[in-house]
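A.B. asks:
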Amino acid sequence: MSRPFVIALTGRSGCGKSTAARFLRAQGYPVLDADAAAREVTQPGAPELSQLAQAFGADILDEAGRLRRQLLAQRAFASREGTQMLTRITHPGIVRRLLDGVQRAREAGARLCFVDGAAIVGQAFEPYCDRIVVVRAPRQESIRRIAVRDGITPQQAAQRLDAQTSEDVLQRAAHYIITNDADEEALRRKVRGMLDALLTEGDA
Numbered sequence: 005m006s007r008p009f010v011i012a013l014t015g016r017s018g019c020g021k022s023t024a025a026r027f028l029r030a031q032g033y034p035v036l037d038a039d040a041a042a043r044e045v046t047q048p049g050a051p052e053l054s055q056l057a058q059a060f061g062a063d064i065l066d067e068a069g070r071l072r073r074q075l076l077a078q079r080a081f082a083s084r085e086g087t088q089m090l091t092r093i094t095h096p097g098i099v100r101r102l103l104d105g106v107q108r109a110r111e112a113g114a115r116l117c118f119v120d121g122a123a124i125v126g127q128a129f130e131p132y133c134d135r136i137v138v139v140r141a142p143r144q145e146s147i148r149r150i151a152v153r154d155g156i157t158p159q160q161a162a163q164r165l166d167a168q169t170s171e172d173v174l175q176r177a178a179h180y181i182i183t184n185d186a187d188e189e190a191l192r193r194k195v196r197g198m199l200d201a202l203l204t205e206g207d208a
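Position in the sequence shown counted from 1, then plus 4, gives you the numbering used here.
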């Protein structure tokens, strides 16, 4: 049995990507959570966690062996070398977990397998993706959604958005772009259209 067509589902915060992912799951398609895989590699017992402690200091773990995420971030992102070290330690485990998910989808006979994640373009898993689907929304609408969802000011929401991969970079990498600028039913129609095109490609 050949492996399923692997599709990255990505986009910036507030774009509606999670809504699209829920719809895909409801249609019976496997949707792997790249952000959950990233959290798993820093859970107590994960081999990556001890490697992080060796690289960035034992005190990044609390008394119960849990990661002090803020302290790790302060140290890892303080230099390019630190950021590269963080990537070298965590990304192989993230990729391995996602590929395990693709294998489970294959064994279940899935034709398409989606990987839902904000950080896929330009990251370690991108080469494993057959297609990249970018969900986008008008900037002001994204800011509004983030502010409402997270209970923050529009200014804070804009800062979060500006810290993420730019829309230009995402769109250059995209094979499909879904613009979420209306209601949820309109988004579902666009996702259905994307599904039809992907299924046709997968059969080619």
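Glycine included, C-beta positions come from ideal geometry on N, C-alpha and C.
Can you name, in chain order, every residue of its own chain whose Cβ lies under 6 Å from the Cβ of L75, other than the five neighbours on each side?
C.D. replies: Closer than 6 Å at the Cβ level, and outside the excluded window around L75, lie I64.
A.B. asks: To the nearest angstrom, how far is the alpha carbon of A123 from that of L203?
C.D. replies: Taking the straight line from one Cα to the other gives about 25 Å.
A.B. asks: Is the CB-CB distance between L116 and P8 below 9 Å?
C.D. replies: Result yes, Cβ atoms of L116 and P8 sit closer than 9 Å.
A.B. asks: Tell whether a beta-carbon distance below 9 Å holds between R140 and R16.
C.D. replies: The answer is yes: Cβ separation under 9 Å.
A.B. asks: Is the beta carbon of T94 sitting closer than 9 Å to the one on V125?
C.D. replies: Contact flag unset, no.
A.B. asks: Let me make sure I understand the geometry here. Which of I181, R84, L71 has the alpha-carbon closest to that of P51?
C.D. replies: Of the listed residues, the one whose Cα sits closest to P51 is L71.
A.B. asks: Between the stretch 128-144 and the stretch 179-190, do at least 3 Cβ pairs fall closer than 8 Å?
C.D. replies: Judged by Cβ distances under 8 Å, the stretch 128-144 makes contact with the stretch 179-190, as three or more pairs qualify.
A.B. asks: With distances taken between CB atoms, is the gap from V35 to A25 smaller than 9 Å?
C.D. replies: Yes, these two residues count as a Cβ contact at 9 Å.
A.B. asks: Tell me, to the nearest whole angstrom, how far the beta carbon of A161 is from that of I150; I am working on the premise that it is less than 8 Å.
C.D. replies: Right, their Cβ atoms sit about 4 Å apart.
A.B. asks: Comparing alpha-carbon positions, which option in S22, E85, Y132, G18 lies nearest R100?
C.D. replies: Closest by alpha carbon: Y132.
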